[in-house]
Structure formats: C-alpha cells, structure tokens
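Chains as they are written, first to last, in the working numbering: chain A, 14 to 158; chain B, 14 to 158; chain C, 14 to 158.
No residue lacks a Cβ here, since even glycine has one placed at the ideal position from N, Cα and C.
To keep things clear, I will list the structure first and then write my remarks on it.
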C-alpha cells in the first residue's frame, strides 16, 4: 500500500463545453491549472460513449465501441483522480452513463466521447507528487514510489 | 468553458429521514444552510425511483416511470452540485440505484423518490456565485456568466 | 434529520494492494489513521464481486453470490462514508462495477472482493463523532444522536 497525506489547495467548479471531448476537456483543465494531485467529480450528458475494459488475464484494454449507437446518454457519474504521468497532470477517470431506459453502462473513460453538457468539480491537493509508472503485476500504469 | 475557483467553507454529514422525498430532502438542507455553491455525495436506499432522461434531440426531459415497480433499491451513488437557480440554492443530482439482482438504473434525480435510508455529505464552497440560466444550445438551465 | 458540521482535517490518496480484500483494505486504512468521520471515493478493478442488497420488507441483507462468475470487473465507482461503529472507525461503502460488455452491477460492498487495482481518496473531517446504532424503523445500523 502506498499512501500520501494532503491538504486541500483549491476547488474548481467548471462548466464544460458543448461538443468537447470529455476526457480531454477535464484533462486539459488540470494541465492548464497545473493540478498535480486531485480528485474529480462530474455529471452531465454525452452524445456517445467509449468505455475501456481492462482484461486482467491478457493485461490489455479493450474499447467497447458498439455502445456508441445506444446513446445519447446521461453522465450518471464520472469520477477519479489526478496525478502525474510522464511528469504531466493526468486524469484517471471511470464513468457510468445511462440510456433512455435508465440502463447503465460503465468503465474506464476513453477519448472520443462528445460532451452535451458537463459540470465538474476538481479538488486540488497540496503535498507529495504521485507519479505513475508501469506496475509489473497488473501491467497498469499505477502509482510508484 | 466557465470555471470558478473556490475554497472549502464547511462540510456537513447528514442522515436523512425515512419516508422523505430524496431530492427535496437534500435540496431543502442546502437552502436551510444557505449553501450557494457545493458538492453532494450520497448513499443509502430508496423505496422507489424516478429517473429523468434528457432527450438531446427534442430537448425535453422524460421521466422513466415504469422503473418504480422494480424497487425497492439501494442508492449506489447519488451525487452532483449545488449552485443558484432563480437566486436560490439548487441541487443538480444524478443517481444510480440497484435492484435485488444488482442490476443498475441511472439518470437525473427527479422529485417523488421516497427515502428508506440516506447518508449524505455536503461540501460547501466559498467564492463567486454560480447562477443557472437557459443555455441556448442545449435548452438546459446551465451556468451562465 | 441529523446533521453535523465539520472542517476538513486531511486528505489521503492511496494505492491499494493487489489481492487485498477491498472493504478490509479501505476499512483498515481508516482504523490505522484513526479517521473517525470521513468520505471515501475509489476507482480501480476487482477480480470478483460480492454485493449486498437490503430487503426493506424482511429487513435483512442478502449477498448476490452468483455475480462473482461474471467478473473480473472495473470498479466504476466505490464511495461512502466513515463513522464509528462499536467505537471504531467503520466504512459504509456502496459500489458499481462493470463487466467486459460495460454492463453495471451495484450494491452494498461486502467482504470477500479481491482487489486487482485500487486507487482511493479519503477525506477526513474534524468535528463531532458520529456513532452507529440500531435504527428501529429500518433495522439498519444508522447514525444515532
């Protein structure tokens, strides 16, 4: 287990842009504000969805492409954290969306999701930097000491 | 993109009332405490559910009424933000609930959902007021400058 | 309604251990750090799932065992609160996971869920202690005055 203690630096409440890429929008915001460690919470709606699923056996991400035709969707919840990857602020976000019947789809947020409406909160933390590097066991870019 | 910076003012941890209306309960709490900008996180259980879905083509909300018979449900996650609408604290909340088979349903939280058990955390922020107004593109009451 | 006001004491950003028990990992962290009141947000992936569903009529928890064979899963969101039960820090967590088709399953997080990868944020609050005790109406261990 790796744990760091932080204090709260600042909070941002943000309205995203119509037609923006969801992941890029949040990620670019954190880069622009130089948020090195933080937490993200978002709700809203998207025009399509692209979810990642990590196969724990083959150790590879697959993208669920076919869901895109079931949209548009509500963003029921999108959340995760900000840390550093290759020295730059990097958002790791998971998302749950729902369709017109209330059915939910979830996974790792991939690029290529078009915003319809987006409201997100960023908590930015003060403390030690957390950097991602290859984790041998999982083959994921996890936090390294 | 519209973004404001805040500091954390106070945090409330709240136990909701059995049989209360879920949205009203959280919304009234924010009005009573005069929370103008904030973040909500809730878990618990509800006796029924009423989910909204915004049709991005017709620009109208529909309410998924038929789900109510599938309950009762766990509140797996209910979250969103507090800002101002018509000058008053207003909670915009999305919710995911699950039924006895673990199946999830999600969407925009509508009035008419009866609490069984409710535990929520409100983060209240200090900074510029965020007011909702009609957004031309989406026809949603989004934050305006 | 029971509500307490808090200030933010500290924030922890934590990487959980491969193969650890998800609930135990988060719960033990809070015990070790003596976090009496707080909020949890987690994402990651698990090797299996065990979800609880509270039957509001019989007033009993059932565990959805059969879902375990559908994994492994992404942790789309796991969140909840920390308070005291029997005088010790106790995490009440709900979780949504998704399978390789993006399908979501959710409920009350039970023991017996094996971590594949885990990233969680703990907000620890300063203020009055919140203790759980039997709630007559729901027969759940809710916060008591």
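Neighbour list for residue i in chain C, Cβ cutoff strictly below 7 angstroms
{"i": "residue 19 of chain B", "result": "In chain order: nothing, as chain C lies at least about 13 angstroms away."}
{"i": "residue 117 of chain B", "result": "109, 117, 118 and 119"}
{"i": "residue 63 of chain B", "result": "Within chain C, no residue comes near residue 63 of chain B; the closest Cβ sits about 17 angstroms away, beyond 7 angstroms."}
Residue(s) in a DSSP beta bridge with residue i
{"i": "residue 98 of chain B", "result": "B/101"}
{"i": "residue 117 of chain A", "result": "A/111"}
{"i": "residue 154 of chain B", "result": "B/147"}
{"i": "residue 73 of chain C", "result": "C/68"}
{"i": "residue 93 of chain C", "result": "C/53 and C/106"}
{"i": "residue 86 of chain C", "result": "C/59"}
{"i": "residue 128 of chain A", "result": "A/59"}
{"i": "residue 25 of chain A", "result": "A/135 and B/18"}
{"i": "residue 122 of chain B", "result": "B/64"}
{"i": "residue 34 of chain B", "result": "B/127"}
Cut-off 6 angstroms between Cβ atoms - residues of its own chain near residue i, not counting five sequence neighbours on either side
{"i": "residue 165 of chain B", "result": "This structure gives no information on residue 165 of chain B, because the portion of chain B shown stretches from 14 to 158."}
{"i": "residue 143 of chain A", "result": "50, 96 and 156"}
{"i": "residue 76 of chain A", "result": "63, 65 and 123"}
{"i": "residue 117 of chain B", "result": "109 and 111"}
{"i": "residue 90 of chain C", "result": "109"}
{"i": "residue 40 of chain C", "result": "104"}
{"i": "residue 17 of chain C", "result": "140 and 141"}
{"i": "residue 148 of chain B", "result": "155"}
Outcome for residue i when other beta-carbon atoms lying within 10 angstroms are tallied against a minimum of 16
{"i": "residue 146 of chain A", "result": "exposed"}
{"i": "residue 38 of chain C", "result": "buried"}
{"i": "residue 52 of chain A", "result": "buried"}
{"i": "residue 72 of chain B", "result": "exposed"}
{"i": "residue 74 of chain B", "result": "exposed"}
{"i": "residue 130 of chain C", "result": "buried"}
{"i": "residue 70 of chain B", "result": "exposed"}
{"i": "residue 100 of chain A", "result": "exposed"}
{"i": "residue 47 of chain B", "result": "exposed"}
{"i": "residue 158 of chain B", "result": "exposed"}
{"i": "residue 45 of chain A", "result": "exposed"}
{"i": "residue 114 of chain A", "result": "exposed"}
{"i": "residue 82 of chain B", "result": "exposed"}
Per-residue contacts from residue i into chain B (C-beta, under 8 angstroms)
{"i": "residue 16 of chain C", "result": "25, 26, 27, 28 and 42"}
Close Cβ partners of residue i (< 8 angstroms) along its chain, the five nearest in sequence each way excluded
{"i": "residue 127 of chain C", "result": "32, 33, 34, 35, 59, 60 and 61"}
{"i": "residue 120 of chain C", "result": "64, 65, 66, 77, 107 and 108"}
{"i": "residue 20 of chain B", "result": "138, 139 and 140"}
{"i": "residue 24 of chain A", "result": "134, 135, 136 and 137"}
Listed by chain order, chain C residues near residue i by CB distance under 9 angstroms
{"i": "residue 56 of chain B", "result": "92, 93, 94, 105, 106, 107 and 121"}
Neighbouring residues, chain A, relative to residue i (Cβ below 9 angstroms)
{"i": "residue 48 of chain C", "result": "Result: empty, since nearest Cβ-Cβ is about 11 angstroms, beyond 9 angstroms."}
Chain B contact residues for residue i, given Cβ-Cβ distances below 9 angstroms
{"i": "residue 67 of chain C", "result": "58, 85, 87, 129 and 130"}
Cross-chain neighbours of residue i in chain C, by beta carbon under 8 angstroms
{"i": "residue 82 of chain B", "result": "The contacting residues do not exist; residue 82 of chain B stays about 14 angstroms from chain C at best."}
Contacts around residue i, its chain only, beta-carbon distance under 7 angstroms, and the 5 residues preceding and following it disregarded
{"i": "residue 88 of chain A", "result": "55, 56, 57, 58, 59, 108 and 110"}
Test: residue i CB closer than 8 angstroms to a CB of chain D
{"i": "residue 114 of chain A", "result": "Here the protein chains are A, B and C, and chain D is not one of them."}
Contacts that residue i makes with chain A (C-beta to C-beta distance below 7 angstroms)
{"i": "residue 97 of chain B", "result": "Under the 7 angstroms cutoff, chain A gives no residues; its nearest Cβ is about 12 angstroms from residue 97 of chain B."}
Would you list, in chain order, the members of the segment 21-39 of chain C that have their beta-carbon closer than 7 angstroms to a beta-carbon of chain A? Sequence-ordered contacts of the segment 21-39 of chain C with chain A read 21, 23, 24, 25, 26, 27, 28, 29, 30 and 31 [C-beta pairs closer than 7 angstroms].
Residues in the segment 124-158 of chain C having any Cβ partner in chain A nearer than 7 angstroms: The segment 124-158 of chain C vs chain A, Cβ under 7 angstroms: 129, 130, 132 and 134.
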